[in-house]
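What follows is a set of notes on a single structure, which appears directly below.
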DNA sequence: AAAATATATTAAAACGTTTCGATAAAACAA
DNA sequence: TTGTTTTATCGAAACGTTTTAATATATTTT
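Protein chains in written order, with my numbering: chain A, 3 to 339; chain B, 3 to 339.
What follows is the structure, given as structure tokens:
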């Protein structure tokens, strides 16, 4: 492996000048620059990151933290966001270090190694994440961005999904296709996204003069736990028991919707003729299940890209006030509605 | 942030001695060691990785490469293996850098950045991966381990799944439960795992005196492409057309099995009464679908752990001859069989 | 008692960069 | 002309470790 020294010697200049060229800083005569560039090519020289990092006191790493349950079980949603970040970081100077944390995270004992050793320049937190972790990052003055989550009353640098409008659109479409008795099946409101989706559901119904307090009472099933197909299964049973005329269900996400569809199929209801089903997220399996699930597409790769962009902006140009960037979503009509 | 210098000064010893204590090398008097340890605690000193790496010429990183299609679309299989590695690496000295490559990978243009800059001490390749990438690693003398893949006629350091026995067991169970006409639905034999699963299927049938050439001809559907639910759908239709007496299907993996089940349900066949279905892998959705899918559980986290163990062994103690370590699997009976 | 070996500590070199400050030539302004 | 600013280059210090080789003392062997 050749070093900057080799390049300098071969090009007949000093180490400093080579460094200036590599980093595009200071004044370097055009011919000198050319000469150095071609020497770099010739020797196939690549700066050694550890040396560079030592000198600059940057780590060149960005941490990506996701709750372990979200990473392992709730499908591939947060992995796709990670991948979007990775794509964005590929041609730049960062590596993304992925790790998971437990729900009962304890900063004293469970700190990800890259935080303990300050081996990252910044951190992206994806989805519901322990609040004491956020606090830790604040205390440590570690730059961070929150993706698809938020804490009521607090404002952080974050990337959020336009959950309200996504839900609103979906319900609007259902109503326009003739559905009138539209149920909601959802999970944990700890997650503000789900709360927002419910708000979109309600306001769309109200906008069409359909929803009112009684309606929402009868047609909503909300269970305060992590979403899963089981919640969908229980939810649809509950709704059917209380409302014989139910003709559509809007689910807080695709995972739940799949549970709903399985249960409906088990009961020999026809989807969407008897009951239409709509999800949210557009996870991989939603287009595979049968009938293919109508849903609201969340552009996961793009979210990752935006998260990367924001965290790097913050690292290099600390913002005075926190930024919130909203990612818009799109209703995807498939066979289930 | 305190440095080794601060520790040395406060403990009243030289930098070298502190370094020896940190790395557990050389001779250090017990009292001195104690003193230094407590000083480290007091100052909350953490060695700076970039400095350490510069001195040792190690990067402290391990690359994890997976074909992009496998990462994004074929469920969470390879993400779980990654997570297993991450768990194993947590308390040690490595970070795992995850990246994906395209199928038509070109070493000249598509090289992952961590390879281009030699920012990893070793690499783990998961699943089907471009052969020219493997060649590149060999040429570069970069230590690597292949997980769940292999190239006929070549032997590499690798972690493989006991596909043969898994399939054998599954078929054995099906036969013992009274099934006689067992079909096989599978995808790309480019992937040796699938080939092995097919071999397990055949030999189990032969062992029971059931299978013969004609039988296998009639009851096998093999499509040379990436596995997907569609293959399952097409496969089961084909098998049903040619064999009215079909009473079970063994699928090369769960993704395919889900396609088979969906199609059977659409045709109002009862699972498992009319036709039993068995998959392979035990991906998350296999326990969620209805009826819950019987399958062969592949311990993904454990595979990741073993991969980490092997690559670190190779990095620190290069092996003369390549190691192949086999991970055993377990048949999981659920409702679909 | 002398020689050899094991234990303990350290100064200094090395790892490969970036960056600060110095120096000097070239361009411009008065 | 002289003085100032801009352009160009470089030597040397700094970043925080590990490691080598030197030195010194304590212990064991002969």
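Glycine included, every Cβ here is placed at the ideal spot set by N, Cα and C.
Listed by chain order, chain A residues near residue i by CB distance under 8 Å
i	result
residue 61(B)	51 and 52
residue 101(B)	88 and 92
residue 116(B)	97
residue 269(B)	Those do not exist, as residue 269(B) stays about 11 Å from chain A at its closest Cβ, beyond 8 Å.
residue 82(B)	74
residue 225(B)	Per Cβ cutoff of 8 Å: no residues; residue 225(B) is ~17 Å from chain A at best.
residue 78(B)	74, 77, 78 and 81
From the options, residue whose alpha carbon lies closest to that of residue i
i	options	result
residue 207(A)	119(A), 177(A) and 283(A)	177(A)
residue 49(A)	250(A), 4(A), 175(A) and 140(A)	4(A)
residue 168(A)	260(A), 97(A), 122(A) and 283(A)	283(A)
residue 82(A)	119(A), 128(A) and 56(A)	128(A)
residue 151(A)	170(A), 97(A) and 67(A)	67(A)
residue 104(A)	235(A), 242(A), 132(A) and 96(A)	132(A)
residue 264(B)	88(A), 45(A) and 292(A)	292(A)
residue 16(A)	260(A), 32(A), 38(A) and 79(A)	38(A)
residue 186(A)	99(A), 8(A), 26(A) and 262(A)	262(A)
residue 141(B)	109(B), 115(B) and 116(B)	109(B)
residue 130(A)	171(A), 311(A) and 160(A)	160(A)
residue 241(A)	232(A), 258(A), 222(A) and 229(A)	222(A)
residue 333(B)	7(B), 316(B), 252(B) and 327(B)	252(B)
residue 278(A)	326(A), 71(A) and 249(A)	249(A)
residue 111(B)	96(B), 121(B), 124(B) and 138(B)	138(B)
residue 155(A)	194(A), 62(A), 288(A) and 289(A)	194(A)
residue 258(B)	246(B), 276(B), 225(B) and 268(B)	225(B)
residue 309(B)	323(B), 229(B) and 162(B)	162(B)
residue 149(A)	237(A), 125(A) and 234(A)	125(A)
residue 85(B)	94(A), 101(A) and 92(A)	101(A)
Proximal chain B residues relative to residue i, where beta-carbon distance stays under 9 Å
i	result
residue 264(A)	290, 291 and 292
The beta strand (DSSP E) enclosing residue i, as first and last residue numbers
i	result
residue 126(B)	124-128
residue 149(B)	146-149
Per-residue contacts from residue i into chain B (C-beta, under 7 Å)
i	result
residue 231(A)	290
Beta-bridge partners of residue i, as assigned by DSSP
i	result
residue 99(B)	99(A) and 65(B)
residue 332(A)	299(A)
residue 327(B)	161(B)
residue 283(A)	299(A)
Interface partners of residue i on chain A, CB under 9 Å
i	result
residue 85(B)	70, 73, 74, 100 and 102
residue 138(B)	Neighbours of residue 138(B) on chain A: none; closest Cβ ~14 Å, over 9 Å.
Endpoints, the alpha helix (DSSP H) within which residue i is located
i	result
residue 41(A)	32-45
residue 286(B)	286-290
residue 205(A)	194-209
residue 58(A)	51-58
residue 79(A)	79-91
residue 15(A)	Unbroken run through residue 15(A): none, as it is neither H nor E.
residue 116(B)	115-118
residue 70(B)	70-74
Listed by chain order, chain A residues near residue i by CB distance under 7 Å
i	result
residue 121(B)	51
residue 311(B)	Within 7 Å Cβ-Cβ: nothing; residue 311(B) doesn't reach chain A, min ~18 Å.
residue 287(B)	287
Closer than 7 Å: residue i CB and nearest the ligand ATP heavy atom
i	result
residue 103(A)	Annotation note on the ligand ATP: not contained in the displayed structure, which lists no ligands.
Neighbouring residues, chain B, relative to residue i (Cβ below 8 Å)
i	result
residue 56(A)	50, 52, 53 and 56
Mind pulling the beta strand (DSSP E) runs of 3 or more residues that sit fully within the stretch 214-279 of chain B? 222-224 and 250-253
Which parts of the stretch 137-189 of chain B are runs of the alpha helix (DSSP H), unbroken and 4 residues or longer, counting only runs that do not cross its ends? 165-178
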